[in-house]
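Under UniProt numbering, think of the first position of the sequence shown as 1, with each following residue one higher. Where is the CB? At the ideal position from N, CA and C, for every residue including glycine. It should be emphasised that the depicted structure is a prediction, and the values quoted were computed from it without experimental measurement. Shown next, in structure tokens, is the structure this report addresses.
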Amino acid sequence: MSTAITLESNPIEKDYEDYICAYFQSGGLYVERSIIHRETEEILELDIIFTDFKEDTTTKKLVEIKSGKWGFSEIFKVKGWLVYLKMGNGIFIVKKTRNSIDYFKRKGEELGIELIDNSDLKKTRKCLEKFLNQPTEEKEIETLRFSYLLERKLLKQIKNLKKDYPDNEGFKNLDDYFFKINSGSFFSSNPVKRIKQLFETFIKYKNVTAKICHELETEEYDDEVEELSADCFKSLFYKAENSPLQIALYVEHMARLTILKSCTEHLIENHREAFLEDTFSENLDYLGIPQTIKNGLAILVKEPFFHRYPVFWQFFTYVMGGFILTDLREQEYQYISENTGIPVEEIPNAFESFNKLFPKVDGWMFSMPKSNIEWHRFFPIPFSGVGANHRRFLHLKEMAEDDQTYEELSKLISGAKTMTDLNKWNNLGYEMLKQ
């Protein structure tokens, strides 16, 4: 029997950052993590930026997190970041308290920085609740932490692959792709420039998973390749094998999500009054984005909960694992609604938003054969494994934790291959988390 993977009960450093970030995301905020400003050298790394998406506005907060020693130098460093980013105020969360903590809090307040003493982890929810839109939930926090840990391991693997195979063009491109979508465009001087940079990167590295597949099979990188080979497709999705291609799928998915988030943020802040105009698409010409995307945005902005779509997709990615159990659709839609602020009846529109921005002939959601699962096409399977594990807690919450097993879950669902798929995904997620 495999040994269960456990999370640190007293997290430090990156694990502590994950712990805090999970509260923000569970609280209904969109989170961006480990954002690096790189010029001649790395000069700035932001722990967390969270965005609160409301119907008429968006609010950003910079969050610095310290699990070890800290003092005035760290507070002034946060102030420098706020000035550099032209942000009004920020949050500094510390795990170790000090005798003069109230003095530091007052000085931080003078600089526009809220210092939060989180030395008692049992009070984390209370410490952060003023920033959250909804109550947080323990098992959801746990699942998010597993997803963040998996994400860090995948990103480390990109670096290792790039180092171990210096002649592999695909691995270098994958590293560059993730950096540019997560960090490179973040520091653009204005949101329009950021959107343009995101699309330029998206187009440059479009179908990078297929290109890496081709290079692994032929030792040649070909920019003209657009589709996975039959062998790569089978390895990724039928066998759910551990492969660098799983990492590439993750990066491509995050690129689409980041584009959706950036466009949503810009449109709410600058075009809210024009959302219902017939000429809305024409108003976006200055963005320099493909016409299909502009047409999609013109449709999306008329939907009443468009402003919550970024939060929806981040939750669907990190908690739900990119799929819906169709036998339990009603319960899963209700759960998603409670965690994203999107009414149940609007969830189909939220799912369809990807297809409106990035049109796919058969749509992005796919009913799996002989399996009562509706799955997001080309979704990174390791995260589906995390989502599969979360279903035990979601649908068996009335049982004692030791009884929340896949065997018990199987009694609630049908489909000849449903449990086979869930177990296969779970095993891959477990394998990659253990690396």
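Residue i and residue j closer than 8 Å at C-beta
| i | j | result |
| --- | --- | --- |
| residue 432 | residue 153 | yes |
| residue 378 | residue 252 | yes |
| residue 249 | residue 209 | yes |
| residue 300 | residue 353 | yes |
| residue 37 | residue 131 | no |
| residue 78 | residue 116 | no |
| residue 412 | residue 327 | yes |
| residue 181 | residue 258 | yes |
| residue 162 | residue 172 | yes |
| residue 67 | residue 16 | yes |
| residue 92 | residue 64 | yes |
| residue 295 | residue 28 | no |
| residue 374 | residue 323 | yes |
| residue 395 | residue 331 | yes |
Candidates the options: closest to residue i by CA position
| i | options | result |
| --- | --- | --- |
| residue 57 | 305, 130 and 64 | 305 |
| residue 151 | 90, 32 and 135 | 32 |
| residue 287 | 73, 263, 92 and 268 | 263 |
| residue 424 | 404, 403, 414 and 383 | 383 |
| residue 142 | 375, 408 and 393 | 393 |
| residue 314 | 207, 361, 350 and 362 | 350 |
| residue 244 | 308, 302, 156 and 266 | 156 |
| residue 24 | 355, 133, 430 and 356 | 133 |
| residue 51 | 269, 232 and 426 | 269 |
| residue 267 | 289, 254, 307 and 232 | 307 |
| residue 255 | 174, 335 and 409 | 174 |
| residue 302 | 271, 95, 318 and 120 | 271 |
| residue 417 | 325, 319 and 397 | 325 |
| residue 484 | 196, 191 and 207 | The structure shown has nothing for residue 484, since the chain only spans 1 to 435. |
| residue 135 | 335, 35, 317 and 195 | 335 |
| residue 312 | 337, 191 and 179 | 337 |
| residue 35 | 179, 121 and 95 | 179 |
Counted within 10 angstroms of its Cβ, other Cβ atoms place residue i as buried (16 or more) or exposed
| i | result |
| --- | --- |
| residue 5 | exposed |
| residue 123 | exposed |
| residue 399 | exposed |
| residue 230 | exposed |
| residue 13 | exposed |
| residue 310 | buried |
| residue 18 | buried |
| residue 238 | exposed |
| residue 347 | buried |
| residue 140 | buried |
| residue 71 | exposed |
| residue 455 | Outside the shown range of the chain, which is 1 to 435, sits residue 455, and nothing can be said about it. |
| residue 361 | exposed |
| residue 420 | exposed |
| residue 201 | buried |
| residue 3 | exposed |
Inter-residue Cα distance where the pair is residue i and residue j
| i | j | result |
| --- | --- | --- |
| residue 390 | residue 103 | 42 Å |
| residue 76 | residue 193 | 29 Å |
| residue 381 | residue 236 | 8 Å |
| residue 10 | residue 48 | 20 Å |
| residue 84 | residue 221 | 39 Å |
| residue 333 | residue 59 | 27 Å |
| residue 88 | residue 62 | 9 Å |
| residue 415 | residue 371 | 5 Å |
| residue 227 | residue 402 | 43 Å |
| residue 97 | residue 7 | 23 Å |
| residue 148 | residue 344 | 27 Å |
| residue 406 | residue 368 | 19 Å |
| residue 223 | residue 81 | 38 Å |
| residue 109 | residue 118 | 17 Å |
| residue 341 | residue 20 | 21 Å |
| residue 86 | residue 185 | 16 Å |
| residue 101 | residue 46 | 23 Å |
| residue 183 | residue 26 | 23 Å |
| residue 385 | residue 127 | 31 Å |
| residue 203 | residue 289 | 10 Å |
| residue 365 | residue 198 | 24 Å |
| residue 213 | residue 435 | 22 Å |
| residue 90 | residue 53 | 17 Å |
| residue 121 | residue 94 | 11 Å |
Distance between beta carbons of residue j and residue i, contact taken as under 8 Å
| i | j | result |
| --- | --- | --- |
| residue 168 | residue 215 | 6 Å |
| residue 145 | residue 22 | 5 Å |
| residue 426 | residue 388 | 5 Å |
| residue 211 | residue 225 | 5 Å |
| residue 205 | residue 177 | 4 Å |
| residue 261 | residue 30 | 6 Å |
is_contact[residue i, chain B] using C-beta, thresh 8 Å
| i | result |
| --- | --- |
| residue 371 | In summary, chain B is missing from the structure at hand, where a single protein chain is found. |
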